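Engineer: Mature numbering (1 follows the signal peptide of the UniProt record, and there is no 0) puts the sequence shown at residues -23 to -1, 1 to 493.
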Amino acid sequence: MRCHVATSCHVAWLLVLISGCWGQVNRLPFFTNHFFDTYLLISEDTPVGSSVTQLLARDMDNDPLVFGVSGEEASRFFAVEPDTGVVWLRQPLDRETKSEFTVEFSVSDHQGVITRKVNIQVGDVNDNAPTFHNQPYSVRIPENTPVGTPIFIVNATDPDLGAGGSVLYSFQPPSQFFAIDSARGTVTVIRELDYETTQAYQLTVNATDQDKTRPLSTLANLAIIITDVQDMDPIFINLPYSTNIYEHSPPGTTVRIITAIDQDKGRPRGIGYTIVSGNTNSIFALDYISGALTLNGLLDRENPLYSHGFILTVKGTELNDDRTPSDATVTTTFNILVIDINDNAPEFNSSEYSVAITELAQVGFALPLFIQVVDKDEGLNSMFEVYLVGNNSHHFIISPTSVQGKADIRIRVAIPLDYETVDRYDFDLFANESVPDHVGYAKVKIALINENDNRPIFSQPLYNVSLYENVTVGTSVLTVLVSPHSPAGPLSSGADCGEAPRGILSKGPGLCLLVY
Ligand SMILES: *[C@@H]1O[C@H](CO)[C@@H](O)[C@H](O)[C@H]1NC(C)=O
Ligand SMILES: *[C@@H]1O[C@H](CO)[C@@H](O)[C@H](O)[C@H]1NC(C)=O
Ligand SMILES: *[C@@H]1O[C@H](CO)[C@@H](O)[C@H](O)[C@H]1NC(C)=O
Ligand SMILES: *[C@@H]1O[C@H](CO)[C@@H](O)[C@H](O)[C@H]1NC(C)=O
Ligand SMILES: *[C@@H]1O[C@H](CO)[C@@H](O)[C@H](O)[C@H]1NC(C)=O
Ligand SMILES: *[C@@H]1O[C@H](CO)[C@@H](O)[C@H](O)[C@H]1NC(C)=O
Ligand SMILES: CC(=O)N[C@H]1CO[C@H](CO)[C@@H](O)[C@@H]1O
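Below, the structure is given as structure tokens:
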């Protein structure tokens, strides 16, 4: 200080001082910037090295001024050019770290120093992208989660102010199965899920701020894992089930193995197999665990119950963990045809056929014999030939001779017959398959009835004779009168007296005699 005020000065001294020092008494400088009264706004994106403001001061004495900044923190951020008062930024500002400073600037005229504090506000720019919290994002939901269920919330924040700090969420690209609430980040199911189709979804969440000019965004992955629930019935595989099996296959023969699988692939359950219907006489057995269908009895195609084959209804049941049946089941039909083997010989429906016909029967006359022959096998296995064998078999003709399965055999007269030449026939009737021992056999007996144009006629229809019991052998009992018109002359010896209760009547011309 160049001018001293002495307390012991005289008035004259004082006057000298006043008059002599009027131009000499120093006055201190002062800042003229308005921001000292309000605040100084510096944008946080101001590049390091640029000037942020210039300190302005006045000194009434027009002394050269020196500007400065005080305080350790302020000195780190700001440098002041001593001569000009230009303030430089020394290191980057970040509103999100420190949004205001109180900085003390100084100005000096070499005789005195004035300091003044300014409030520096750091101005926001949208320089932060949203940040997701609590990553990674992963959620497990059961496949039967209803549509509309919220399953997850993503959370991203953005420290910027205003629109630049307000976050909107979206899926990028959008999902058909999930939606995200743009404001809240809540993820919901919007379509039915199916574990059997898709087991996991990998979604990308875009969190973007709403800055008008330069929005910033961040991506995050969201893994949604679908867990299986038992919601699918089992299915049979390798359908359709149909099999041929030879008749008389040994019991225990495996017909086929059937297989059903649980369509819930997450943790598929075991299957139990049963026959629901069609298993006539329990001829088949189905293994509950393996699904092996085996023959359980004697399979005879010629049994009418079996000849049309079998339509089994088989069922697969998903088993619970404790091996009890669940209510998830599937049924299917299993067609089994029984294939014929040649196990039957032709058979006539009687062992003997006999008939009496008049010797006058015409050639072509069909004898009233009802002969049926059957081979119960099928197709070629049931083909056979029919033969009529015996003395004079050429007197008759049979048809048909070639048979498949079943036929009614007719025997017809082949040549004119004559009682006087052959009065009876004993034939063997064979039905021979090509297999040597497959033969059907029956006897055929044909008797001829003698015919005359003028037959003898008895005088009365009934002869009633009474005899004493002491009658002797040779006693004439009865005289039978026959009309005498026979052209063949006297009555032939063919009259038959029949049998009396206690003896036999012998034949005589027109007589019956008691023989003993
Ligand atoms: C999001 O995360 C921030 C920071 O952890 C937390 O303050 C805010 O409460 C969260 N918001 C929600 C909706 O969880
Ligand atoms: C996020 O979404 C915004 C708004 O749709 C878009 O402008 C931006 O490009 C997306 N971000 C990314 C990384 O794709
Ligand atoms: C044999 O079959 C034929 C034709 O069906 C029938 O008329 C006849 O009575 C049967 N004979 C016997 C002994 O059953
Ligand atoms: C066939 O005729 C011959 C000679 O007449 C006879 O010896 C034979 O016993 C007859 N056979 C039958 C089955 O009647
Ligand atoms: C039919 O079979 C019988 C019995 O085996 C046999 O004796 C006969 O010769 C056979 N007939 C023919 C034409 O093969
Ligand atoms: C035969 O005659 C006796 C005695 O005259 C009589 O009792 C009996 O009924 C007669 N029999 C017939 C079948 O007419
Ligand atoms: C031959 C003979 O002794 N005939 C007698 C049989 O019995 C009757 C009745 O008893 C007699 O009258 C016959 O004389």
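Glycine residues also receive a C-beta, built at the ideal position from the N, C-alpha and C atoms. Since the model is a prediction, treat every value here as computed from it, not as a measurement.
Could you check the C-alpha separation between Thr61 and Val164 for me, to the nearest Å?
Structural biologist: Taking the straight line from one Cα to the other gives about 59 angstroms.
Engineer: What does the Cβ neighbour count give for His371, buried or exposed, with the cut at 16 atoms within 10 Å?
Structural biologist: The residue in question, His371, is exposed, as its Cβ has fewer than 16 Cβ neighbours within 10 Å.
Engineer: Roughly how many angstroms separate the alpha carbons of Gly451 and Asn441, rounded to a whole number?
Structural biologist: Going from the Cα of Gly451 to the Cα of Asn441 covers about 19 angstroms.
Engineer: Using only Cβ atoms and a threshold of 6 angstroms, which residues come within that distance of a heavy atom of ligand 3? Order them by chain position.
Structural biologist: Those residues, listed in chain order, are Asn326, Ser327, Phe347, Gln349 and Asp385.
Engineer: Where DSSP assigns a beta bridge to Leu289, which residues make up the other side?
Structural biologist: Partner(s): Phe311.
Engineer: Assuming Gln339 contacts Asp385 under a Cβ cut-off of 8 angstroms, what Cβ separation, rounded to an integer in Å, is found between them?
Structural biologist: Wrong, their Cβ atoms sit about 21 angstroms apart, outside the cutoff.
Engineer: Check whether the Cβ of Asn409 lies closer than 7 angstroms to any heavy atom of ligand 5, and answer yes or no.
Structural biologist: It does: the Cβ of Asn409 is within 7 angstroms (strictly closer) of some heavy atom of ligand 5.
Engineer: Closer than 7 angstroms by C-beta to Leu357: which residues in its own chain qualify, once you throw out the five before and the five after it? Chain order, please.
Structural biologist: Counting only Cβ-Cβ distances below 7 angstroms, and skipping sequence neighbours, we find nothing.
Engineer: For Val131, list the residues DSSP reports as bridge partners.
Structural biologist: Answer is none; Val131 lacks a bridge partner.
Engineer: Using a Cβ-Cβ cutoff of less than 7 angstroms, which residues in the same chain neighbour Glu321 once the five nearest sequence positions on both sides are dropped?
Structural biologist: The sequence given here has Asn at residue 321, not Glu. Contacts found: Glu279, Asp352, Lys353 and Asp354.
Engineer: Given a cut-off of 8 angstroms, decide if Ala408 and Phe311 are closer than it, judged by their beta-carbon atoms.
Structural biologist: Taking 8 angstroms as the Cβ cut-off, Phe311 and Ala408 do not qualify as a contacting pair.
Engineer: Any idea what DSSP makes of Ala391, helix, strand or coil?
Structural biologist: Reduced to three states, the DSSP call for Ala391 is coil.
Engineer: I'd like to know whether the C-beta atoms of Leu275 and Phe261 end up nearer to each other than 8 angstroms.
Structural biologist: Going by C-beta atoms, Leu275 is not nearer than 8 angstroms to Phe261.
Engineer: Any heavy atom of ligand 1 inside 7 angstroms of the beta-carbon of Asn132?
Structural biologist: Checking every heavy atom of ligand 1 against the Cβ of Asn132, one is found closer than 7 angstroms.
Engineer: Applying the criterion that 16 or more other CB atoms from any shown protein chain within 10 Å of the CB defines a buried residue, is Thr257 buried or exposed?
Structural biologist: Looking at its Cβ environment, which holds fewer than 16 other Cβ atoms inside 10 Å, Thr257 is exposed.
Engineer: Is the closest heavy atom of ligand 2 to the C-beta of residue 560 under 7 angstroms?
Structural biologist: Because the chain in this structure spans residues -23 to 493, residue 560 falls outside the shown range and cannot be described.
Engineer: Under the criterion of a Cβ to heavy atom distance below 7 angstroms, does Tyr364 qualify as lining ligand 5?
Structural biologist: Under cutoff, so the answer is yes.
Engineer: Between Leu199 and ligand 2, is the CB less than 7 angstroms from at least one heavy atom?
Structural biologist: Every heavy atom of ligand 2 is 7 angstroms or more from the Cβ of Leu199, so no.
Engineer: Would you say the beta carbon of Asn111 comes nearer than 7 angstroms to a heavy atom of ligand 2?
Structural biologist: False, no ligand heavy atom lies under 7 angstroms from that Cβ.
Engineer: Can the beta-carbon of Gly291 be found closer than 8 angstroms to that of Thr306?
Structural biologist: The sequence as given places Val at residue 291; Gly does not occur at that position. No, they are not a contact pair.
Engineer: Can you tell me whether Asn3 is helix, strand or coil according to DSSP?
Structural biologist: Asn3 falls in the coil class under three-state DSSP.
Engineer: Thinking just about the alpha-carbon of each residue, which of Ile157, Glu169 and Leu314 is nearest to the one in Ser226?
Structural biologist: The shortest C-alpha separation from Ser226 is found at Leu314.
Engineer: May I ask you to check if the CB of Ser185 is nearer than 7 angstroms to at least one heavy atom of ligand 2?
Structural biologist: According to the sequence displayed, residue 185 carries Thr and not Ser. Yes; taking the cut-off as 7 angstroms, the Cβ of Thr185 has a heavy atom of ligand 2 nearer than that.
Engineer: Within a Cβ cutoff of 6 angstroms, which residues of the same chain sit near Ser76, ignoring the five residues on either side of it in sequence?
Structural biologist: Cβ within range, chain order: Val99.
Engineer: What does the alpha-carbon distance come out to for the pair Gly268 and Asp405?
Structural biologist: Approximately 54 angstroms, taken between the alpha carbons.
Engineer: What do you reckon, are the CB atoms on Gln176 and Pro211 nearer than 8 angstroms?
Structural biologist: Not a contact, by the Cβ cut-off of 8 angstroms.
Engineer: Could you check if Ala160 is buried or exposed, using at least 16 other CB atoms within 10 Å of its CB as the buried criterion?
Structural biologist: By the 10 Å Cβ count, Ala160 comes out exposed.
Engineer: Suppose the cutoff is 6 angstroms on Cβ atoms and the five residues either side in sequence are ignored; what does the same chain contact list for residue 516 look like?
Structural biologist: Coverage of the chain is limited to positions -23 through 493, which leaves residue 516 absent and any answer about it impossible.
Engineer: Here's a check: name, in chain order, each residue in its chain whose Cβ is nearer than 8 angstroms to the Cβ of His87, leaving out the five neighbours to either side.
Structural biologist: For His87, where only same-chain residues beyond five positions count, the Cβ hits under 8 angstroms are Asp40, Pro41 and Val43.
Engineer: Measuring straight from C-alpha to C-alpha, what distance separates Glu169 and Ala133?
Structural biologist: Going from the Cα of Glu169 to the Cα of Ala133 covers about 28 angstroms.
Engineer: Using three-state DSSP, classify Ser331 as helix, strand or coil.
Structural biologist: In the structure shown, Ser331 sits in a strand (DSSP, three-state: E or B).
Engineer: From Glu428 to Pro413, what distance separates their C-alpha atoms?
Structural biologist: Approximately 43 angstroms, taken between the alpha carbons.
Engineer: Are the region 212 to 219 and the region 121 to 131 touching by the rule of at least three beta carbon pairs closer than 8 angstroms?
Structural biologist: Not touching, per the Cβ criterion.
Engineer: I'd like the list of long-range same chain contacts for Glu58, defined as Cβ closer than 6 angstroms, with 5 residues on each side in sequence excluded.
Structural biologist: Same-chain partners within the cutoff: there are none.
Engineer: Which residues bound the beta strand (DSSP E) around Ala56?
Structural biologist: Its beta strand (DSSP E) spans residues Phe55 to Val57.
Engineer: So, Gly255 versus Thr294, is the Cβ gap smaller than 8 angstroms?
Structural biologist: No; because the gap between Cβ atoms is not below 8 angstroms, this pair is not in contact.
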